[in-house]
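Asker:
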Amino acid sequence: MPYILNTPKDIEQMLKVIGVSSVEELYQDIPSSIRLKGSLSLREGLSEFEVKKEIEALSRKNTPLSRFNSFLGAGCYDHYVPAAVEAILASSSFLTAYTPYQAECSQGSLEAIYEYQSFICDLTGMDVSNASLFDGASALAEAALMSLRITGRKKILIHGLHPEYRKTLDTYLLGLEFSVEEIPSGSDGFIDKKALEESLNDEVACFAFASPNFFGLIEDAQSFTPNLKSKGVLGVMVANPLSLAMLNPPALFGIDIVCGDGQALGGRLNFGGPAFGLLASKGQYLRHMPGRIIGKTHDKDGSPAYCLTLQTREQHIRRQKATSNICSNHSLNAIGAAIYLSLMGEKGLRSVSLMSFDNAQYLYQRLKEIRGIKLPYGRRFFNEFVWEVEEAASVMEKLRNKNIIAGYYLGNDFPEFKNRILSCCTETKSKDDIDNFIQELAEVLHG
Amino acid sequence: MPYILNTPKDIEQMLKVIGVSSVEELYQDIPSSIRLKGSLSLREGLSEFEVKKEIEALSRKNTPLSRFNSFLGAGCYDHYVPAAVEAILASSSFLTAYTPYQAECSQGSLEAIYEYQSFICDLTGMDVSNASLFDGASALAEAALMSLRITGRKKILIHGLHPEYRKTLDTYLLGLEFSVEEIPSGSDGFIDKKALEESLNDEVACFAFASPNFFGLIEDAQSFTPNLKSKGVLGVMVANPLSLAMLNPPALFGIDIVCGDGQALGGRLNFGGPAFGLLASKGQYLRHMPGRIIGKTHDKDGSPAYCLTLQTREQHIRRQKATSNICSNHSLNAIGAAIYLSLMGEKGLRSVSLMSFDNAQYLYQRLKEIRGIKLPYGRRFFNEFVWEVEEAASVMEKLRNKNIIAGYYLGNDFPEFKNRILSCCTETKSKDDIDNFIQELAEVLHG
Amino acid sequence: MAEDKKNTVEKILDKTGYVASSGVPSVNPENIFPGSFLRKKIPITDSGELEVVRHYACLSRNNFSLEANFYPLGSCTMKYNPKINDYLAGLEGFCGIHPYQDQRDIQGALKLLYNLQQALCEITGMKSFSLEPSSGAQGEFTGISIIRKYHQVKGNKKTKIIVPDSAHGTNPATASMCGFNTVTVESDSRGLIDINKLEQLLDDDVAAVMLTNPNTLGLFEKNILEISRLIHSRGGLLYYDGANFNPLLGITKPSLMGFDVVHLNLHKTFSTPHGTGGPGAGALGVVEELTGFLPVPVAAKKDQSFYFDYSLKHSIGRVRSFYGNFSVLVRAYAYILRLGARGLLRAAQNSVINANYLRVKLQSLYEVAYPFICMHEVVLSAQRQKEKGASALDISKRLIDYGIHPPTMYFPLIVKEALMVEPTETESKKTLDDFIRIMAEINNEIDTDISKVKNAPLKAAVKRVDEVAAARFPDLRRKAQSS
Amino acid sequence: MAEDKKNTVEKILDKTGYVASSGVPSVNPENIFPGSFLRKKIPITDSGELEVVRHYACLSRNNFSLEANFYPLGSCTMKYNPKINDYLAGLEGFCGIHPYQDQRDIQGALKLLYNLQQALCEITGMKSFSLEPSSGAQGEFTGISIIRKYHQVKGNKKTKIIVPDSAHGTNPATASMCGFNTVTVESDSRGLIDINKLEQLLDDDVAAVMLTNPNTLGLFEKNILEISRLIHSRGGLLYYDGANFNPLLGITKPSLMGFDVVHLNLHKTFSTPHGTGGPGAGALGVVEELTGFLPVPVAAKKDQSFYFDYSLKHSIGRVRSFYGNFSVLVRAYAYILRLGARGLLRAAQNSVINANYLRVKLQSLYEVAYPFICMHEVVLSAQRQKEKGASALDISKRLIDYGIHPPTMYFPLIVKEALMVEPTETESKKTLDDFIRIMAEINNEIDTDISKVKNAPLKAAVKRVDEVAAARFPDLRRKAQSS
Ligand SMILES: Cc1ncc(COP(=O)(O)O)c(C=O)c1O
Ligand SMILES: Cc1ncc(COP(=O)(O)O)c(C=O)c1O
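Top to bottom, those sequences are chains Y, Z, B and V. Under my numbering, think of the first position of the first sequence as 1, with each following residue one higher. Under my numbering, think of the first position of the second sequence as 1001, with each following residue one higher. Under my numbering, think of the first position of the third sequence as 2001, with each following residue one higher. Under my numbering, think of the first position of the fourth sequence as 3001, with each following residue one higher.
1) Alpha carbon to alpha carbon, how far is Gln-2103 of chain B from Lys-122 of chain Y? Give it in angstroms, no decimals.
2) Beta carbon of Phe-449 of chain Y, beta carbon of Gly-160 of chain Y: below 7 Å?
3) Evaluate Gln-2304 of chain B with the Cβ neighbour count: other Cβ atoms within 10 Å of its Cβ, from every protein chain shown; 16 or more gives buried, anything less gives exposed.
4) Contact between the stretch 3284 to 3296 of chain V and the stretch 3128 to 3138 of chain V: three or more CB pairs below 8 Å?
5) Just to confirm, is the Cβ distance from Pro-1376 of chain Z to Ile-1326 of chain Z under 7 Å?
6) Quick one: complete alpha helix (DSSP H) runs, 4+ long, within the stretch 3365 to 3405 of chain V?
7) Would you list, in chain order, the members of the stretch 2329 to 2355 of chain B that have their beta-carbon closer than 9 Å to a beta-carbon of chain V?
8) Decide yes or no for the touch test of the stretch 1254 to 1273 of chain Z against the stretch 3431 to 3451 of chain V: beta carbon pairs closer than 8 Å, at least 3 of them.
9) Cα-Cα, which of V:Ala-3461, V:Leu-3198 and V:Glu-3367 is closest to Ser-1303 of chain Z?
10) Please list the partners that Tyr-1473 of chain Z has in chain B, where partner means a Cβ-to-Cβ separation under 9 Å.
11) With a threshold of 6 Å (Cβ to nearest heavy atom), would His-3487 of chain V be considered close to ligand 2?
12) Is there at least one Cβ from chain A nearer than 7 Å to Ser-3022 of chain V's Cβ?
13) Can you grab the Cα-Cα spacing for the pair Leu-3059 of chain V / His-1330 of chain Z, in whole Å?
14) Check whether the stretch 2262 to 2275 of chain B and the stretch 2243 to 2254 of chain B touch, using three or more Cβ-Cβ pairs below 8 Å as the test.
15) Residues of chain Y with CB under 7 Å from Tyr-2402 of chain B, in chain order?
16) Please classify Pro-2295 of chain B as buried or exposed, where buried requires at least 16 other C-beta atoms within 10 Å of its C-beta.
17) Taking 7 Å as the threshold (beta carbon to beta carbon), is Tyr-408 of chain Y in contact with chain Z?
18) Looking at chain Z, is there any beta carbon in it that lies within less than 7 Å of the beta carbon of Val-2287 of chain B?
19) Nearest CA to the CA of Leu-279 of chain Y: which residue from Y:Arg-400, Y:Gln-107, Y:Val-236 and Y:Glu-346?
20) Grouping DSSP H, G and I as helix and E and B as strand, with all else coil, what is Ser-194 of chain Y?
21) So which of Y:Ala-57, Y:Thr-312 and Y:Ile-373 has the shortest CA-CA distance to Arg-1067 of chain Z?
22) With DSSP as the reference, label Pro-163 of chain Y as helix, strand or coil.
23) Sorry if obvious, but does the Cβ on Ser-2187 of chain B come closer than 6 Å to a heavy atom of ligand 1?
24) So with Cβ pairs under 7 Å, would you call Thr-2269 of chain B a contact of chain V?
25) Is any heavy atom of ligand 1 found at a distance shorter than 6 Å from the C-beta of Thr-2212 of chain B?
26) Less than 7 Å between CB atoms is the rule here; does Tyr-77 of chain Y satisfy it with respect to chain Z?
27) Does DSSP put Asn-1130 of chain Z in a helix, a strand or coil?
28) Let me know the secondary structure DSSP gives His-1079 of chain Z once reduced to three states.
29) Nearest to Glu-427 of chain Y by CA position, among Y:Glu-44, Y:Phe-71 and Y:Ile-30, is which residue?
30) Let me know if Val-3468 of chain V comes out buried or exposed under the rule of 16 or more other beta-carbons within 10 Å of its beta-carbon.
31) For the alpha helix (DSSP H) containing Asn-3265 of chain V, list its first residue and its last residue.
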């Protein structure tokens, strides 16, 4: 049997030691009425070679994004991942370790995650970060719950969230007595600040907004955070952490909690998962944080050492009173991000962010030249933006036949935007890629 | 600069410490007449992303063997390599360690290679194995040189060698006063024993034969080793180590030196390299062995420990009197073989060898059914055999168009065999693969 | 070298870094963004690849892992993580696809999801499965949200969830997150749910009972059918925390036990690696009546092609973005293919044999909390050792010196000085015998040289870590570089 | 279970092992082979994957490696081995191709070989390159065989090869393998070849002079042009052992120095990993006149397609099967693409800066054998320390305690108590400063607590290993299981 080391002889001996005559006897507590009579109706087990052939064949039924000239983003970004990121992860003992409950034999994991926390603080400017959550959507939901705990209020204002984040938030609030209100956008795509102001009151726990928002635009947070503050409303920002390599850290603008998805920091596309959720906040909210946190301390000889800390927030100690039910998080991906950030350094991060920015701006500029293309919003975006074309869906299909994925079609999530497309450029796009897109688009539109 | 850690500031400081004002000064010993004036005319350095794109594109210009229904062997075999072999190697510290000169910080490598040596002895039945050579061809050449050293004689008889091994042997003997004589085959493809007997005399250092020979046939070594012995001629056998999972070890038949290529033991195809050469002999020839050898000993506290040993055979000690010039060998591949053998165990090895055997026998049987196919030799083969068909080259081309690689075409190496093909089956062939081959071949021949 | 401070690619980019400029004209961000938006400095050091590789190589050595150490961590099912599965998850055709690619380009991925859903249905007896939840706890959240919505749709007013006192912390925490009150039911002297007490607690406000079976003591709740009858008779549902499902693979199914909602920890029962705490996957299955409540999308099949179905009538929505932890799912699928029905059954049986072997061999030295035949794990109590001065914690730390990862300590909460030992089926008798010998040796040390145990670990990367100081003076990040 | 002893697949095969029966009818080998041919038992234990993985994980931790340790092993050029190169070498399109596939199916591989040949020609100034040799030593063998054949074809009777006394052992060993007598030329007080002595030794029997430049003392042979003139004037050739080429990349070329034949250790200068002793690659280049002597095949280009050219007129034949160590060649090619001309030059320069920095910083404590500006490595002599009782060996072993791989010891042979230190360009000043500090500390220990040094290592996996016993009582394999 694969992965079973006991031989029939071992088993015989062990059963004897146990004092039973068969393995059946060990299952004596299970009422026979609920014992399976036959065996599971699954295929017979395969050899490793057969499994490999079969699943490789499945993988070949997918066409990797890299085979296209793709401008897809919308929450999952095709950045370049240095080979060292995956090589380090794959060859490390992190892969097959459990949560580092036992500090003394887990210093490697613990230090790595401590570094992750540090990097997230570095990028966001916040005081504290947890050890990771699952993804951006659940991180946003946890941030919202956190703001409810902190303020004791009942209402959440939102703006510009990824539609799937919004849906996740709704689910997380399903059983709770909280309500969500969406602040409208102005015609420029940004938060309608007047509407926001009108909605602020002492019922509101937080204003959770995305910047870049789902349409790629960078909000002017500092223009409204004083208002939030004056109403006791927490500012929760969903950030693309890579954008923070060129943009000032949210802490500078008075944000209370930053959350987001970490995929852009050295994660592969992975069909959307696993990446990880990041969550960082002002120090004063530390004890309201969900999820694990690593602390640096010392051992009994006084040498520096790391351990899980502030566990009294967590389910295994606090049970129904815990800050969240989260137990396993996405540590390996978080460590991957720490590796990525270490490898890139300030210079690399700045390059990647600026190259993505330059590419996106160039694409925007080139689209502008094409008759029939509308650009509903301005240029204050990081790496993605919205454009509009008649019969967008069919234009996209025609481009696909030329091996171009134009972007993310907005018509499904936003029926009012049935001709809009969200296009993204990372640093992996070349000028030729963009020129090819433009040329083929012009061809599709004007022959 | 990639992979350079010194910053310009570091360099400035270091030059100052050194007492020179520029790096140029450090090169002052080089006559300016031979200093390059411009820079090398290579392309400008690329980013990692660009290198990856470019070399991935090259890799896609190759069609992996697995995309064909292939019956190619001829010295490089498509056996299944458990994923654990490469995972263990890739994640190990073996990859980036040097030769384990410093025993105390190389116990891992040393023990692994000691195990490799043990496995080779287990398989071949010989007393001692070295720590690996480059490949089967150079191993054969080294075995021949070894026999010349042992016997002090001048002549080498050979039979049934892979043509490339034969060429390698010739090159290794280029500057030496030794001659090579090829023993003819009988019409059954085996060694012509009468011819062999006639060639044996006290000039002959060794009889180096392959079993399986290049046409896949298993020789009856014990039928002639007594004759060798009586003439003081060493028996050198080139073995496919995997065949030794079903065939008795050469030691049982009185062979003195076994050599061969280790690719079949868990090596990928790798376009033919690197695999490794194996070399094992009777204990009495130990001090004539080329290459590194690991020994088990103890440390100063008496605990078991490993180290390089018997180094007085080697070039770094013995210089021009060394048993060979070999320095770096193919340790990583040898360790890979040790991992493969550990994973497979007796059961797995037996399965793989028998499955290869069964598949090849089945193919042989099915070929027999086809009108126009001749099978010049018998069934005493392990995993490959020769068959004959009119216009073999064009038949092969037609099969290739049906995605079948029929085998290795013998007509180039052996002009007298212009219609012969050497076909191989490993355990990775399924009945369907073989049936498909047969069906398409029949179709090609008879429409 | 004078440094130009302008934020443009040309100025910053080392042409031979990981990525190179694409050749588009560079835009000065100052022309796009108000100055206050733009970052001057990122307080992250520039390191070389060798430095980073070496740093992590050293960290990696300061760590126990399943690959290097026996890891009998109770409730965590640290079974072997096959290498082939990592290889398959890393194929470009899997990790290089974007979640929003056209369905035509991701048929392989959809088929894999679909097949995995089907396999999990067969294994558990549930009608349908969602692969979206990221972990066991998120599986619980999904399942209890479904239960909430189900009652809501039915017009039931339900406010409570019952969990046993031996329950894992995620169970009550989940109940709270979903807006329920947690009611705890005590265990009886056999370590099982006290049926009488359960009956007393059951009323029409109870939305569900959450159980893991075998429970966290490693004991099979033999009254499970009675429990099922009781809760269902009150209109409540029965939730299965599948963290302990390993010993029952192919033996019984949650559906047969009466469960309505099931989560499986694919990173436990289905052998995907734990990654120092995740990512895992908490697949969630439900009986037919609840199928319409699953989160969307689920993978579906029509004719010969696969697609994402978003049309579930009562769907609770989403619990995260995209489709779950796909690369974890690939591994779990490969594992199921490899083992097949017979292999899964053997895994279950051997997990039980191994645990009972440890139980019997250790019982003379360490008290077995509930001295009955167990399933995949056995909970010891170090009470006797504690009386001599060595706690479960001390013993755990001493195990580290012997190269063994400690068992889960002090859980379940109802056992004093608990040491929860789960060997899993992938360990050999030889490894178990070594463990038994070492546990005896430690017990012996407690009598002869207790300081070795109290001061353990002696040979680890660090001595015993001061966790109290860590919590009192939180140091949660490197000092910020001046930014 | 009764075991049927018949050697047929059905009987043996665990259906869910690594491979499964293909479904063909099973043939009883006894029907094909005489009974005496067939093996009854293979004395190899059946282990589980976890056991094997865990065993190697533990071995792996008992090892220094470049990835975890500073590794200033002189003459070995332990520079960083970039991860991207391993990734690329592992692509299916490379490691899944068979050497005898049709040329049409391996155009990518052929192009890579061709491009690499071209790049190495440009870097060394040679006219053509063979990528066949498997290592430096095999490169030497190839090169000296070419020289032999060249003289043969020319009708020259040449019997001798001259090597300096500082030469690496492979040089004289190669000369012998190729049937030449080795003549050793002494070094002068500057550590360079004594030109006068060379002149005396040169006669018409000398086939070639083999040199590495910089030599193994790390010193540039500044009379190289004179040496070249001398040997060429006698009709001999000049052979370049490229093991030390790293500091000269982009600075000069072997062709400019007058060399006719060059081998390069791709596993040194071109950053491919050493694999605990190999596989490496010893690419061999020659000047135009010798092009026809290269081993076959070489990669060639015609129109837009690539092929293997077997048609070299005087080819020495083959030195091994197939086309060399392809996956090593992929890595070297990737490295060259990544660095480009400028990167290679910077690599060379920094290797020299690093070595000289160590030289100057260490010279007050450790004697520098030849106290001149060096190239990529510096040879120290622990003579002073030896007088106090601590040998080069002791110091080396003590370095292990500090986590640093010892330098090459006792080589070159002409330096007493030699410690040959090659930091390479990929190490940082910080790492060098640590090393300097540790070397000073060890020197200090020799004065204050010499036993620490004499008994070193104290913290390694084992104490000092008894190599004498190993050679006296050779134990070269596990005890054979009864077979
Ligand atoms: C019984 C039980 N339930 C739930 C969980 C939570 O699983 P996860 O860590 O995947 O959220 C665990 C994990 O340890 C567990 O043991
Ligand atoms: C100067 C010199 N020449 C030749 C060699 C032999 O190289 P290889 O080990 O690749 O055979 C070495 C290796 O250490 C060397 O340093």
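For each residue, glycine too, the CB sits at the ideal point set by N, CA and C.
Answerer: If we stick to the structure as given:
1) Here residue 122 of chain Y corresponds to residue number 122 of the first sequence, with the count starting at 1. Here residue 2103 of chain B corresponds to residue number 103 of the third sequence, with the count starting at 1. The displayed chain sequence assigns Asp, not Lys, to residue 122 of chain Y. Asp-122 of chain Y and Gln-2103 of chain B: Cα-Cα distance of roughly 39 Å.
2) Within the shown structure, residues of chain Y are numbered from 1 to 447, placing residue 449 of chain Y beyond reach of any answer.
3) Working through the third sequence from its first residue, we reach residue 2304 of chain B at position 304. That one is exposed.
4) yes
5) Here residue 1376 of chain Z is taken as the residue at index 376 of the second sequence, counted from 1. Here residue 1326 of chain Z is taken as the residue at index 326 of the second sequence, counted from 1. For Pro-1376 of chain Z and Ile-1326 of chain Z, no; Cβs fall outside 7 Å.
6) 3383 to 3387 and 3392 to 3401
7) Arg-2338, Leu-2339, Gly-2340, Arg-2342 and Gly-2343
8) no
9) As a working mapping, residue 1303 of chain Z is identified with position 303 in the second sequence. The residue among V:Ala-3461, V:Leu-3198 and V:Glu-3367 with its C-alpha nearest the C-alpha of Ser-1303 of chain Z is V:Ala-3461.
10) As displayed, chain Z neither begins before 1001 nor continues past 1447, which places residue 1473 of chain Z out of reach and without an answer.
11) Only positions 3001 to 3483 of chain V appear in the structure, and residue 3487 of chain V is not among them; the question remains open.
12) Absence of chain A from the displayed structure is noted, the protein chains being Y, Z, B and V.
13) Counted from its first residue, the fourth sequence places residue 3059 of chain V at position 59. Counted from its first residue, the second sequence places residue 1330 of chain Z at position 330. Leu-3059 of chain V and His-1330 of chain Z: Cα-Cα distance of roughly 18 Å.
14) yes
15) Taking the third sequence and counting its residues from 1, one reaches residue 2402 of chain B at position 402. Residues of chain Y passing the Cβ test: none, with the nearest at roughly 11 Å.
16) Within the third sequence, residue 2295 of chain B is the residue found at index 295, counting from 1. Classification for Pro-2295 of chain B: buried.
17) Taking the first residue of the first sequence as 1, we reach residue 408 of chain Y at position 408. It does not: the Cβ of Tyr-408 of chain Y has no partner Cβ on chain Z nearer than 7 Å.
18) The residue you call residue 2287 of chain B lines up with position 287 of the third sequence. With 7 Å as the cut-off, Val-2287 of chain B does not count as an interface residue toward chain Z.
19) Position 279 of the first sequence holds residue 279 of chain Y. The shortest C-alpha separation from Leu-279 of chain Y is found at Y:Val-236.
20) Working through the first sequence from its first residue, we reach residue 194 of chain Y at position 194. Per the sequence presented here, residue 194 of chain Y reads as Lys, with Ser not at that position. Helix at Lys-194 of chain Y.
21) To locate residue 1067 of chain Z, count along the second sequence from 1; it is residue 67. Checking every option, the nearest Cα to that of Arg-1067 of chain Z belongs to Y:Ala-57.
22) The residue you call residue 163 of chain Y lines up with position 163 of the first sequence. Annotated three-state conformation of Pro-163 of chain Y is helix, per DSSP.
23) As a working note, residue 2187 of chain B is residue 187 in the third sequence. No, since every heavy atom of ligand 1 falls outside the 6 Å radius drawn around the Cβ of Ser-2187 of chain B.
24) Along the third sequence, read from residue 1 onward, the residue named residue 2269 of chain B stands at position 269. No - not a single Cβ of chain V is within 7 Å of the one on Thr-2269 of chain B.
25) Within the third sequence, the letter at position 212 stands for residue 2212 of chain B. Yes, the beta carbon of Thr-2212 of chain B sits closer than 6 Å to at least one heavy atom of ligand 1.
26) As a first step, residue 77 of chain Y is located in the first sequence; it is residue number 77 there, counting from the start. For Tyr-77 of chain Y, the answer is no, since every Cβ of chain Z falls outside 7 Å of its Cβ.
27) Stepping through the second sequence from its first residue, residue 1130 of chain Z is reached at position 130. In the structure shown, the three-state DSSP call for Asn-1130 of chain Z is coil.
28) Numbered from 1 along the second sequence, position 79 holds the residue referred to as residue 1079 of chain Z. His-1079 of chain Z: coil per DSSP, three-state reduction.
29) By one-based count along the first sequence, residue 427 of chain Y stands at place 427. It is Y:Phe-71.
30) On the fourth sequence, position 468 is the one that residue 3468 of chain V refers to. Per the 10 Å Cβ criterion, exposed.
31) Within the fourth sequence, the letter at position 265 stands for residue 3265 of chain V. DSSP places Asn-3265 of chain V in no alpha helix (DSSP H) but in the uninterrupted beta strand (DSSP E) bounded by 3261 to 3265.
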